[in-house]
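Student: If you scroll down you'll find the structure; I have some questions about it.
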Amino acid sequence: MLEARNLKLWYGDFRALNGVSMSITPRAITAIIGPSGCGKSTLLRCFNRMNDLVEGSRVEGEILFEGQNIYGRRFDMTGLRKRVGMVFQRPNPFPLTVFDNVAYGPRIHGLASGDELRETVKKALQATLLWDELGDKLDAPALSLSAEQQQRLCISRLVAVAPDVLLMDEPCSALDPMATQNIEELMLELKKRYTIVIVTHNMQQAARVSDFTGFMLLGDLVEFGETQQVFTAPRDRRTEEYITGRYG
Amino acid sequence: MKQDNAIRLSLLGLAMSAVTALAVITTFILKEGVPVIFRYGLGAFLFGTEWKPTAEPPIFGVFAMIAGSFAVTAGALAIGVPVGLGSAIFLSEFAPKKVAIVLKPALELLAGIPSVVFGFMGMLVLLPFIRVHLGGPGASVLGGSAILGIMILPTVISISVDALRSVPRSYREGSFALGATGWQTTWRVTLPAARGGLVAAVILGMGRAVGETMAVIMVTGNTVQIPHSPLSPVRTLTSNIALEMSYASGEHREALFATGVILFVIIMALNTVANTVARLGKRA
Ligand SMILES: Nc1ncnc2c1ncn2[C@@H]1O[C@H](COP(=O)(O)OP(=O)(O)OP(=O)(O)O)[C@@H](O)[C@H]1O
Ligand SMILES: [Mg+2]
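In the order they appear, the protein sequences are chains A and B.
Taking my numbering, I'd label the letters of the first sequence as residues 123 to 370.
Taking my numbering, I'd label the letters of the second sequence as residues 78 to 361.
The structure is reproduced here in structure tokens:
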């Protein structure tokens with residue numbers, strides 16, 4: 123589905139990724155863990171080319187999406203971010219109504235309008251279990267919602283454009299434990315239909331929700347494998363030190 | 078500690094003297110200008126179309142000047158707002174950082190050019206152009222609008238750029254991450270989010286245009302008449318005061334102060350609206 127091959131990234135002169143190779147399995151949750159500043163977000167943001175927005179960043183290597191290199195010269199960029207959506211660390215709904223937030227993607231891509239759009243919005247809110255809470259508050263400003271609701275709304279906003287992959291950068295770090303648990307349950311539900319890659323600081327979270335785990339250190343992917351194996355029988359000593367809390 | 082107190086007291090003194098100066102000026106203008114308005118009749122003063130201050134008896138109707146200020150200001154906005162907002166959007170959303178770093182201060186330098194220089198350029202370049210290519214005497218609503226449209230650019234641009242830059246980056250990222258283009262992001266997310274500040278920019282630009290005097294006198298012809306076309310000469314409220322103050326006395330002088338009162342009210346109203354809108358925009 124998605125595969126990074128010897129991916130390197132520079133911010134100016136600083137090399138943040140030193141040749142990362144990893145393959146993302148469809149309809150599964152892949153977690154990326156590692157200490158702060160090791161390049162987790164950077165790697166994640168390569169999958170939808172969000173780093174293109176950072177002035178002075180440069181990429182080498184390739185990422186294959188359905189067999190095509192998304193960094194290739196002939197790749198059609200317009201569809202990529204529609205098919206590979208991203209959820210951010212701080213919930214970032216637009217300062218618009220609940221409805222307009224979810225309708226944003228379908229509108230800019232010309233996917234639906236009128237009754238069809240209302241149906242799309244409803245389905246997207248149902249997918250994140252927000253419909254029951256907000257079905258009659260579609261005109262409420264999104265910024266008036268709770269943090270958890272805002273994060274769910276951001277996920278609905280992606281679901282509305284029918285992506286294949288959901289990239290999540292520490293989606294729970296701004297949430298309380300109860301909300302975190304709810305979002306984790308939502309991820310397990312979404313995994314049935316979407317391929318999910320999640321960056322997390324929280325090792326318990328990775329262990330609880332993910333099928334595959336990658337451990338990063340200083341721009342290298344030190345270890346990558348099934349979550350079970352990485353947490354119970356790590357192959358690399360540094361991984362073991364990190365997950366047993368002896369790192370740093 | 079003692080030193081701290083001394084500094085605080087002297088700063089307080091300075092602040093108080095600024096406030097006092099403002100209060101004195103305001104009281105003075107009101108005291109000189111308000112009585113004549115009521116003696117003469119508010120309606121007749123505001124809506125009278127004749128201004129014959131030296132006739133016997135004198136006629137004080139400022140409506141033509143209100144219309145003149147309005148026409149020139151509206152024209153200035155029609156020119157300055159699209160150009161100003163467009164430049165601000167370019168600077169904050171699309172220009173490479175290096176370009177923005179050079180351009181923004183350069184545009185703000187425009188604000189430092191004395192208005193008499195703008196007026197002079199207008200007389201030498203713009204008015205002959207209008208006369209030759211569009212007709213009329215040259216000095217006109219259009220001439221005033223064009224010069225003021227340029228003069229309000231620094232205000233409109235720098236406040237708009239600040240408003241756009243204060244929109245959190247995360248909104249733009251959220252939009253880009255959904256596959257939106259730069260223009261879609263600007264139009265559908267950034268501009269609505271900066272709405273309050275942008276309206277304030279326009280209103281403060283408007284205040285600048287209403288209050289400008291020297292450049293306007295030099296390019297509008299100063300005829301007291303309700304303009305019937307963009308090419309007709311007009312006189313604005315500010316021009317009226319500046320042109321006649323040197324020889325006015327008695328009731329004439331009071332009537333000029335009264336013109337000042339009208340300006341004062343207009344500018345205060347604009348500032349109040351700008352502040353309210355900016356505050357509401359921030360809260361939304
Ligand atoms: N825009 C940028 N410009 C320059 N350097 C950057 C930029 N973004 C990140 N970096 C640097 O790249 C390295 C990797 O950053 P990244 O954000 O990917 O780390 P992370 O693993 O996500 O950390 P965290 O857990 O704190 O989110 C860090 O050293 C960081 O300082
Ligand atoms: Mg990060």
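A virtual CB, placed ideally from N, CA and C, is assigned to each residue, including glycine.
Mind reading off the beta-carbon distance from leucine 252 (chain A) to glutamine 271 (chain A)? Whole number of angstroms is fine, and I expect it under 8 Å.
Tutor: Confirmed, about 7 Å.
Student: Alanine 328 (chain A) to methionine 300 (chain A), Cα distance in whole Å?
Tutor: Each residue's Cα considered, the two are about 17 Å apart.
Student: Examine chain A for any beta-carbon lying closer than 7 Å to the beta-carbon of valine 266 (chain B), and answer yes or no.
Tutor: Yes, valine 266 (chain B) lies at the interface with chain A (some Cβ there is under 7 Å from its Cβ).
Student: Closer than 7 Å between beta carbons: that is the criterion. Which residues of the region 222-246 of chain A meet it against chain B?
Tutor: Of all residues in the region 222-246 of chain A, Tyr226, Gly227, Ile230, His231 have a Cβ within less than 7 Å of some Cβ in chain B.
Student: Does DSSP put methionine 200 (chain B) in a helix, in a strand, or in coil?
Tutor: DSSP places methionine 200 (chain B) in helix when its eight states are reduced to three.
Student: Only counting the same chain, and skipping five residues up and downstream in sequence, which positions put a Cβ closer than 7 Å to that of leucine 86 (chain B)?
Tutor: There are no such residues.
Student: For proline 263 (chain A), list the residues DSSP reports as bridge partners.
Tutor: Proline 263 (chain A) is bridged to A:Thr219.
Student: Using the beta-carbon count (16 or more within 10 Å), is tryptophan 128 (chain B) buried or exposed?
Tutor: Classification for tryptophan 128 (chain B): buried.
Student: Given leucine 211 (chain B), which residues of its chain have a CB within under 8 Å of its CB, disregarding the five upstream and five downstream residues?
Tutor: Cβ within range, chain order: Leu219, Leu308.
Student: Relative to ligand 2, is the shortest distance from any of its heavy atoms to the C-beta of serine 163 (chain A) smaller than 6 Å?
Tutor: True, at least one ligand heavy atom lies under 6 Å from that Cβ.
Student: Could you check whether the Cβ of alanine 153 (chain A) sits closer than 6 Å to any heavy atom belonging to ligand 1?
Tutor: No, ligand 1 has no heavy atom inside 6 Å of this Cβ.
Student: Tell me whether the beta-carbon of alanine 240 (chain B) lies closer than 7 Å to the beta-carbon of leucine 275 (chain B).
Tutor: For alanine 240 (chain B) and leucine 275 (chain B), yes; Cβs fall inside 7 Å.
Student: Could you pull out every residue in the same chain whose Cβ sits closer than 7 Å to the Cβ of glycine 370 (chain A), ignoring the five residues on either side in sequence?
Tutor: Here glycine 370 (chain A) scores only 47 on pLDDT, less than 50, and its place in the model is too uncertain to base an answer on.
Student: With respect to 6 Å, is the separation between the Cβ of glycine 183 (chain A) and the closest non-hydrogen atom of ligand 1 below this value?
Tutor: False, no ligand heavy atom lies under 6 Å from that Cβ.
Student: Suppose you measure from the CA of leucine 339 (chain A) to the CA of proline 356 (chain A); what does that come to, to the nearest Å?
Tutor: Cα to Cα, leucine 339 (chain A) sits roughly 14 Å from proline 356 (chain A).
Student: Give the secondary structure of tyrosine 117 (chain B) by DSSP, where H, G and I count as helix, E and B as strand, and everything else as coil.
Tutor: DSSP places tyrosine 117 (chain B) in helix when its eight states are reduced to three.
Student: Which partner residues does phenylalanine 334 (chain A) have in the DSSP bridge list?
Tutor: Note: phenylalanine 334 (chain A) sits in a beta bridge opposite A:Thr152, A:Glu348.
Student: Taking the alpha-carbon of arginine 356 (chain B) as reference, which of B:Ala141, B:Ala278, B:Arg330 has the nearest alpha-carbon?
Tutor: Here the closest residue by C-alpha is B:Ala278.
Student: Going by C-alpha to C-alpha distance, which of A:Thr242, A:Val181, A:Ala153 sits closest to aspartate 135 (chain A)?
Tutor: For aspartate 135 (chain A), the nearest C-alpha among the options comes from A:Val181.
Student: Mind checking if phenylalanine 136 (chain A) is an interface residue toward chain E, Cβ cutoff 7 Å exclusive?
Tutor: The displayed structure is made up of protein chains A and B, and chain E is not among them.
Student: Verify the contact flag: cysteine 168 (chain A), CB atom, against every heavy atom of ligand 1, threshold strictly below 6 Å.
Tutor: Answer for cysteine 168 (chain A): no, Cβ out of range of ligand 1.
Student: Against chain B, with Cβ distances strictly below 7 Å, would lysine 259 (chain A) count as a contact?
Tutor: Not an interface residue.
Student: Could you tell me the distance, in whole angstroms, from the CA atom of alanine 223 (chain B) to the CA atom of valine 160 (chain B)?
Tutor: In a straight line, the C-alpha of alanine 223 (chain B) is about 12 Å away from that of valine 160 (chain B).
Student: Tell me, please, whether the region 161-171 of chain A touches the region 206-213 of chain A by the rule of three or more beta-carbon pairs shorter than 8 Å.
Tutor: Touching, yes, given that three or more Cβ pairs across the two stretches are closer than 8 Å.
Student: Which residue wins for smallest C-alpha separation from valine 321 (chain A), given the options A:Leu131, A:Gly141, A:Cys160, A:Leu124?
Tutor: Nearest of A:Leu131, A:Gly141, A:Cys160, A:Leu124 to valine 321 (chain A), Cα basis: A:Cys160.
Student: According to DSSP, is serine 237 (chain B) helix, strand or coil?
Tutor: In this structure, serine 237 (chain B) counts as helix in the three-state DSSP scheme.
Student: Which residue wins for smallest C-alpha separation from valine 261 (chain A), given the options A:Asn223, A:Arg359, A:His323?
Tutor: Here the sequence assigns aspartate to residue 261 (chain A), which means valine is not the residue at that position. If we check each option's Cα against that of aspartate 261 (chain A), A:Asn223 comes out closest.
Student: Closer than 6 Å: is that where the CB of glycine 194 (chain A) sits relative to any heavy atom of ligand 1?
Tutor: No, since every heavy atom of ligand 1 falls outside the 6 Å radius drawn around the Cβ of glycine 194 (chain A).
Student: If you follow the beta strand (DSSP E) that threonine 317 (chain A) is part of, which residue opens it and which one closes it?
Tutor: Note, threonine 317 (chain A): beta strand (DSSP E), 317-321.
Student: If we count Cβ pairs, one from each stretch, closer than 8 Å, do we get three or more for the region 94-110 of chain B versus the region 289-308 of chain B?
Tutor: Contact fails: fewer than three Cβ-Cβ distances are below 8 Å.
Student: On the CB-based measure, 16 or more other CB atoms within 10 Å of its CB, does tyrosine 324 (chain B) come out buried or exposed?
Tutor: Under this definition tyrosine 324 (chain B) is an exposed residue.
Student: Answer with yes or no whether the minimum CB distance from tyrosine 324 (chain B) to chain A is below 7 Å.
Tutor: Taking Cβ atoms only, chain A never reaches closer than 7 Å to tyrosine 324 (chain B), which makes this a no.
Student: State buried or exposed for lysine 204 (chain A), treating a residue as buried only when at least 16 other CB atoms are found within 10 Å of its CB.
Tutor: Result: buried.
Student: Would DSSP call arginine 137 (chain A) helix, strand or coil?
Tutor: Three-state result, arginine 137 (chain A): strand.
Student: Do the region 285-297 of chain B and the region 337-355 of chain B meet, that is, are 3 or more Cβ pairs less than 8 Å apart?
Tutor: Yes, since at least three Cβ pairs between the region 285-297 of chain B and the region 337-355 of chain B fall closer than 8 Å, the two stretches touch.
Student: According to DSSP, is aspartate 286 (chain A) helix, strand or coil?
Tutor: Coil.
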